[in-house]
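The block underneath contains the structure these notes are about, expressed in structure tokens.
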Amino acid sequence: MEHKFLRMFRQLKHNESGLAMVELAVSLPFFVGLIVGGVETANYASVVMQINQITLHAADAAARIGTTTPSANKTISEVQINDVFQGSLREGKRINLGGNHDYTDPSSGAKSTRGNARIILSSVEEVAAFNASAPRYRIRWQRCAGSATFYKSNYGTKSTATSVTGIGPVGRQASPPPGGVLMFVELQYYFKPMIVNGFSNLTDRTISQVASMVVRENRDTVGPTGSDGIYNDEKVTVSTC
Numbered sequence: 044m045e046h047k048f049l050r051m052f053r054q055l056k057h058n059e060s061g062l063a064m065v066e067l068a069v070s071l072p073f074f075v076g077l078i079v080g081g082v083e084t085a086n087y088a089s090v091v092m093q094i095n096q097i098t099l100h101a102a103d104a105a106a107r108i109g110t111t112t113p114s115a116n117k118t119i120s121e122v123q124i125n126d127v128f129q130g131s132l133r134e135g136k137r138i139n140l141g142g143n144h145d146y147t148d149p150s151s152g153a154k155s156t157r158g159n160a161r162i163i164l165s166s167v168e169e170v171a172a173f174n175a176s177a178p179r180y181r182i183r184w185q186r187c188a189g190s191a192t193f194y195k196s197n198y199g200t201k202s203t204a205t206s207v208t209g210i211g212p213v214g215r216q217a218s219p220p221p222g223g224v225l226m227f228v229e230l231q232y233y234f235k236p237m238i239v240n241g242f243s244n245l246t247d248r249t250i251s252q253v254a255s256m257v258v259r260e261n262r263d264t265v266g267p268t269g270s271d272g273i274y275n276d277e278k279v280t281v282s283t284c
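Under the numbering used here, think of the first position of the sequence shown as 44, with each following residue one higher.
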């Protein structure tokens, strides 16, 4: 009996029939994590690209809006601005740009529901007493859309950006041409990964994109009395910030 067991142990010692299965069991979690990380990274890159395109399209649309009159400069209205925002939210439907997400405050642990994105549209124009040798610009008006009201402009508001050399990230600031108007768009989006894993190293984060477009035609920047240059004959709700 003792010799029988010894022979069996010797056979087991040299038996490699289950080696491939053991190797698969050991390596499978690594490969699954790697695949999930790759999918998540691709998803993040896709979202960034979509946010970038939506921001660019919003700036381009804002630069084109207006009602042409035979004897005066092109006028813009609150309805047209709202249409630009609605177009952006529709374009971002795939990434739920106009939707909400569950949020847990990291300091207090309080849970709430917050908006996914905020679109901020600013009209950048020359200051009233413009000096071409020392050009300064201002945000004449600013409108916002999206339910993520916790996001604020990173580049100023109508009350703070009253005399600036340009608008935008440092080193990439934009300014309107002489006598012109610049449409500047900020889009901030709260990104939540599908699956948090150590391979992609992606966690909840804010994706911020900016874009600017010069208004191509002469625009009426005066508007009706007491306005910022925007008409609202339809009495629609203003997309205030």
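Using N, Cα and C, we set each Cβ at its ideal position, and we do this for glycine too.
message: So for Met-226, helix, strand or coil by DSSP?
response: strand
- prompt: Since Asp-271 and Arg-179 are thought to touch, with beta carbons under 8 angstroms apart, how far apart are those beta carbons, to the nearest angstrom?
  reply: Rounded, the Cβ-Cβ distance is 18 angstroms, inconsistent with contact.
message: Assuming Glu-169 is part of the beta strand (DSSP E), what are its boundary residues?
response: 160-169
message: Can you tell me whether Thr-118 is helix, strand or coil according to DSSP?
response: strand
- request: Answer yes if the segment 203-216 comes into contact with the segment 122-140, meaning at least three C-beta pairs across the two stretches below 8 angstroms, and no otherwise.
  value: In short, these stretches do not touch, since the Cβ pair count stays below three.
- request: State buried or exposed for Val-253, treating a residue as buried only when at least 16 other CB atoms are found within 10 Å of its CB.
  value: buried
Integer-rounded CB distance, given that Ile-108 should sit under 8 angstroms from Ile-273: Incorrect: roughly 10 angstroms between the Cβ atoms, too far for contact.
task: Would you identify the three-state DSSP class for Thr-111, choosing helix, strand or coil?
output: strand
message: With DSSP as the reference, identify every bridge partner of Asn-174, one or two as the case may be.
response: According to DSSP, which records beta bridges pairwise, Asn-174 is partnered with nothing at all.
- request: Could you name the residues of the same chain whose beta carbon sits closer than 6 angstroms to that of Cys-284, not counting the 5 residues immediately before and after it, in chain order?
  value: Leaving aside the five residues that flank Cys-284 on each side, the residues in its chain whose CB is nearer than 6 angstroms to its CB run, in chain order, Gln-185, Cys-187.
field: For Gln-93 and Asp-263, the rounded distance between their alpha carbons
entry: 32 angstroms
- request: Note down the Cα distance separating Ala-9 from Tyr-87, rounded to an integer number of angstroms.
  value: An answer regarding residue 9 cannot be provided, because it is not within the stretch 44 to 284 covered by the chain.
message: According to DSSP, simplified to helix, strand and coil, what is Asp-271?
response: In this structure, Asp-271 counts as coil in the three-state DSSP scheme.
Among Leu-245, Glu-168, Pro-267, Arg-259, the one whose alpha carbon lies nearest that of Val-79: Here the closest residue by C-alpha is Leu-245.
field: Close beta carbons around Lys-235, own chain, < 8 angstroms, minus the five adjacent residues each side
entry: His-144, Asp-247, listed in sequence order.
task: With DSSP as the reference, label Arg-157 as helix, strand or coil.
output: strand
- prompt: Since Ser-255 is in the beta strand (DSSP E), which residue starts that stretch and which ends it?
  reply: 248-257
task: Starting from the Cα of Tyr-232, find the closest Cα among Glu-260, Pro-220, Phe-193, Ser-218 and give me that residue.
output: Phe-193
- prompt: Does the beta-carbon of Val-228 have 16 or more other beta-carbons within 10 angstroms, so that it is buried, or is it exposed?
  reply: buried
query: What residues in its chain sit with their C-beta under 7 angstroms from that of Val-257, if we drop five residues either side in the sequence?
result: Ala-106, Pro-219, Pro-220, Gly-223, Leu-225
message: For Asp-145, report the span of its beta strand (DSSP E) as first-last.
response: 143-147
field: Span separating the alpha-carbon of Gly-158 from that of Tyr-146
entry: 10 angstroms
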